[in-house]
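There are 2 protein chains.
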Amino acid sequence: MTQANNVAPLFMDIAKVEHEHHLACQSCALYRLCLPLGLHSDDLAQLDTIIQRSHSLSRNQSLFDYLAPLKSIYVVRSGAFKTTVAASNGREQVTGFYFPGEFVGMDAIHSQSYQSTAKALETSSVCELPFERLSEIGAAMPQLQMQMMSRLSKELSADKNLMLLLGKKTAEEKMATFLLSLSRRFQDRGFSATEFQLSMSRADIANHLGLAVETVSRLLGRLQDGGLVHFEGKSVNIKDMHALQSLCG
Amino acid sequence: MTQANNVAPLFMDIAKVEHEHHLACQSCALYRLCLPLGLHSDDLAQLDTIIQRSHSLSRNQSLFDYLAPLKSIYVVRSGAFKTTVAASNGREQVTGFYFPGEFVGMDAIHSQSYQSTAKALETSSVCELPFERLSEIGAAMPQLQMQMMSRLSKELSADKNLMLLLGKKTAEEKMATFLLSLSRRFQDRGFSATEFQLSMSRADIANHLGLAVETVSRLLGRLQDGGLVHFEGKSVNIKDMHALQSLCG
DNA sequence: CGTTGACTTGAGCAAGTTCAACCGGCGTGG
DNA sequence: CCACGCCGGTTGAACTTGCTCAAGTCAACG
Numbered sequence: 427m428t429q430a431n432n433v434a435p436l437f438m439d440i441a442k443v444e445h446e447h448h449l450a451c452q453s454c455a456l457y458r459l460c461l462p463l464g465l466h467s468d469d470l471a472q473l474d475t476i477i478q479r480s481h482s483l484s485r486n487q488s489l490f491d492y493l494a495p496l497k498s499i500y501v502v503r504s505g506a507f508k509t510t511v512a513a514s515n516g517r518e519q520v521t522g523f524y525f526p527g528e529f530v531g532m533d534a535i536h537s538q539s540y541q542s543t544a545k546a547l548e549t550s551s552v553c554e555l556p557f558e559r560l561s562e563i564g565a566a567m568p569q570l571q572m573q574m575m576s577r578l579s580k581e582l583s584a585d586k587n588l589m590l591l592l593g594k595k596t597a598e599e600k601m602a603t604f605l606l607s608l609s610r611r612f613q614d615r616g617f618s619a620t621e622f623q624l625s626m627s628r629a630d631i632a633n634h635l636g637l638a639v640e641t642v643s644r645l646l647g648r649l650q651d652g653g654l655v656h657f658e659g660k661s662v663n664i665k666d667m668h669a670l671q672s673l674c675g
Numbered sequence: 427m428t429q430a431n432n433v434a435p436l437f438m439d440i441a442k443v444e445h446e447h448h449l450a451c452q453s454c455a456l457y458r459l460c461l462p463l464g465l466h467s468d469d470l471a472q473l474d475t476i477i478q479r480s481h482s483l484s485r486n487q488s489l490f491d492y493l494a495p496l497k498s499i500y501v502v503r504s505g506a507f508k509t510t511v512a513a514s515n516g517r518e519q520v521t522g523f524y525f526p527g528e529f530v531g532m533d534a535i536h537s538q539s540y541q542s543t544a545k546a547l548e549t550s551s552v553c554e555l556p557f558e559r560l561s562e563i564g565a566a567m568p569q570l571q572m573q574m575m576s577r578l579s580k581e582l583s584a585d586k587n588l589m590l591l592l593g594k595k596t597a598e599e600k601m602a603t604f605l606l607s608l609s610r611r612f613q614d615r616g617f618s619a620t621e622f623q624l625s626m627s628r629a630d631i632a633n634h635l636g637l638a639v640e641t642v643s644r645l646l647g648r649l650q651d652g653g654l655v656h657f658e659g660k661s662v663n664i665k666d667m668h669a670l671q672s673l674c675g
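If you're matching them up, the sequences are chains H and A in order.
So my numbering is basically just the index in the first sequence, starting at one, shifted up by 426.
So my numbering is basically just the index in the second sequence, starting at one, shifted up by 426.
Rendered as structure tokens:
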């Protein structure tokens with residue numbers, strides 16, 4: 427919690443510089459993936475005025491907590507997040523992982539309070555979109571509203587597929603599907619589709635896929651023995667993408 | 427498929443009458459639950475002009491199919507629907523059930539094609555909102571856009587809870603949670619929270635909850651033996667709501 | 001009255017969990 | 001500097017939940 431201080435300053439400075447120099451969405455590396463896509467430059471300028479870029483978090487710090495009143499929608503800027511929902515008895519489900527350019531907190535719009543908890547998996551930063559102000563300027567920017575809806579819709583589709591995974595797939599199919607999903611998302615972000623880091627713990631993966639940690643461990647071992655992938659701690663190297671696809675069920 | 431004809435005419439007539447008489451959203455029994463809530467009367471009038479109310483389906487008829495291009499968003503008017511997503515090997519997951527006043531097809535917005543298949547569980551009708559026109563008039567109606575987002579957000583939250591159910595709950599907890607979820611939704615619609623019909627088959631319930639049909643059957647039997655609920659074919663009577671809640675996990 | 005489809009019931013089985021031990025890296029404090 | 005405890009991960013063996021398969025009931029229907 428309080429150890430955030432040893433990493434925060436660096437990020438704070440970057441954010442500050444960007445803000446002072448009006449380094450805005452247009453100059454952001456994530457521009458093509460992000461919200462402003464398709465906006466006219468004057469609309470974009472207006473959007474820029476309400477975006478707060480100063481928000482940085484350290485590992486395990488929460489971006490928002492379950493039932494906290496909706497303040498902002500967030501876009502991951504760097505790092506990674508997980509969201510969880512908890513059952514009354516304390517068990518909890520990791521409902522999603524979020525990478526740069528992805529939106530977090532959209533499930534709060536309806537009830538005006540976050541319906542999940544979001545935690546940083548590593549040192550991470552976000553762009554903060556104050557919802558109140560977003561609504562205000564959105565009223566005059568149908569493309570912006572449409573972008574938001576499109577994002578919501580995209581997450582909805584992803585969730586349906588996750589339901590398919592959780593309800594109908596075997597442990598091995600789950601694991602293969604998960605790895606490929608990560609691969610695709612990294613590729614979309616301009617990174618390698620075959621080599622990347624698993625920023626989340628085995629426990630988080632297991633929880634997310636509805637498995638036990640031990641099962642994940644064994645499965646990863648088995649995939650590695652089969653020569654499909656190579657693991658080295660948190661880094662993954664996919665050796666046989668095609669074989670992996672055929673395991674997805 | 428073709429047997430739709432023996433029930434369709436009745437509904438067609440009703441729809442026609444309503445359209446001719448300009449019986450619009452305001453006079454709809456679902457008004458308080460539905461999209462137009464919070465719109466000004468002139469906006470509502472405009473919305474009314476694009477809504478098509480003539481769409482009626484018989485049992486098992488599909489409202490839209492996986493990967494069909496997005497044409498419209500639908501609001502259930504009467505009856506009930508299920509949506510499914512299929513894995514490449516043919517297995518499929520029932521991702522949701524939809525009752526009057528609920529939206530179907532919103533997962534198509536992002537990709538502009540439906541990402542699931544929607545089928546009527548019984549003779550049903552929908553209000554059809556042509557998406558193109560909805561976008562057009564929505565551009566000038568921020569409240570309408572916000573309503574849509576709110577709906578998307580609500581479904582998102584529901585899906586996260588379903589992920590919790592699928593990933594972390596025992597068979598009994600799943601069943602109890604499911605029954606209570608139905609109960610609440612019927613109550614919201616002004617029906618009894620304790621007595622209602624299960625419009626879906628045991629197979630659909632089982633699939634939706636990630637269980638085998640047999641397990642559902644046993645579970646329902648067990649709940650009935652315990653005096654928590656009473657079943658008579660498709661109708662349910664919840665005897666001990668509180669006990670059921672305590673089983674939800 | 002035989003057929004069909006939806007549901008129930010019983011018995012054995014398997015996938016994945018649980019429990020327990022173990023390993024290695026890392027930060028802390030003696 | 002090393003011992004210690006802790007955390008994340010891996011491995012092995014026993015166990016349990018819910019599945020599979022098979023048979024049987026029941027109601028609707030031609």
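Cβ atoms here follow ideal geometry from the backbone N, Cα and C, with glycine treated the same way.
Residues that residue i bridges to, as DSSP identifies them
i, result
"H:Y492", "In DSSP, H:Y492 forms no bridge with anything."
"H:H656", "H:N663"
"A:Q623", "A:S661"
"A:Y524", "A:F507"
"A:L606", "Looking at the DSSP assignment, A:L606 forms no beta bridge with any residue, so it has no partner."
"A:A546", "A:F507"
"A:V639", "A:V639 pairs with nothing; no bridge assigned."
"A:E554", "A:Q478, A:Y500"
"A:F529", "A:V501"
Close beta carbons around residue i, own chain, < 7 Å, minus the five adjacent residues each side
i, result
"A:L592", "G636"
"A:C674", "E599, A602, T603, L606"
"H:S488", "T543, A544, K545"
"H:V552", "H481, L489, Y500, V501, V502, R503"
"H:Q613", "A619"
"A:P495", "Q538, S539"
Beta-carbon contacts of residue i that lie in its chain and below 8 Å, excluding the five residues immediately before and after
i, result
"A:K497", "F490, P556, F557"
"H:H668", "none"
"A:R648", "E598"
Where residue i falls: helix, strand or coil (DSSP)
i, result
"A:K497", "coil"
"H:R536", "Reading off the sequence shown, one finds His at residue 536 of chain H, where the question assumed Arg. Note: H:H536 maps to coil in three-state DSSP."
"H:S618", "coil"
"A:H448", "With a pLDDT of 46 at A:H448, under the threshold of 50, the predicted position of this residue should be treated as unreliable, though the coordinate-derived value follows. Coil at A:H448, not helix or strand."
"A:L436", "The pLDDT assigned to A:L436 is 37, lower than 50, so where the model puts this residue is not dependable; a value taken from the coordinates is nonetheless given after this. In the structure shown, A:L436 sits in a helix (DSSP, three-state: H, G or I)."
"A:R648", "helix"
"A:S484", "coil"
"H:S514", "coil"
"A:P568", "helix"
"H:L560", "helix"
"A:Q519", "strand"
"A:Q478", "strand"
"A:G464", "coil"
"A:K595", "coil"
Cβ neighbours of residue i in the same chain (closer than 6 Å, five flanking residues each side left out)
i, result
"A:G522", "T509"
"A:H448", "Residue placement at A:H448 is poorly supported in this model, since its pLDDT is 46, which falls under 50; the coordinates still yield a value, given next. Excluding positions up to five away in sequence, the list is empty."
"H:A512", "E518"
"H:E528", "V502"
Proximal residues of chain H, C-beta to C-beta of residue i below 9 Å
i, result
"A:H668", "Neighbours of A:H668 on chain H: none; closest Cβ ~14 Å, over 9 Å."
"A:G675", "A513, S514, N515, R517"
"A:G464", "Simply none; closest approach about 13 Å."
"A:L582", "M532, D533, I535, H536, Q541, L578, E581, L582, D585"
Residue i and residue j closer than 9 Å at C-beta
i, j, result
"A:S561", "H:M572", "yes"
"H:I476", "H:I535", "no"
"A:R615", "A:L456", "yes"
"H:D474", "A:D585", "no"
"A:L582", "H:L570", "no"
"H:S672", "A:S537", "no"
"H:R385", "H:M532", "Absent from the structure is residue 385 of chain H, since the part of chain H shown begins at 427 and ends at 675."
"H:K660", "H:Q623", "yes"
"A:S550", "A:F507", "yes"
"H:R628", "H:S609", "no"
Beta-carbon neighbours of residue i, restricted to chain H and to distances below 7 Å
i, result
"A:N486", "Those do not exist, as A:N486 stays about 21 Å from chain H at its closest Cβ, beyond 7 Å."
"A:I535", "M575, S576, S579"
"A:A565", "P568"
"A:S542", "K586"
"A:L590", "V511, A513, Q519"
Proximal chain A residues relative to residue i, where beta-carbon distance stays under 7 Å
i, result
"H:M572", "S561"
Proximity test, residue i beta-carbon vs the ligand GDP heavy atom, cut-off 8 Å
i, result
"H:G652", "The ligand GDP is not part of the structure shown, which contains no ligands of any sort."
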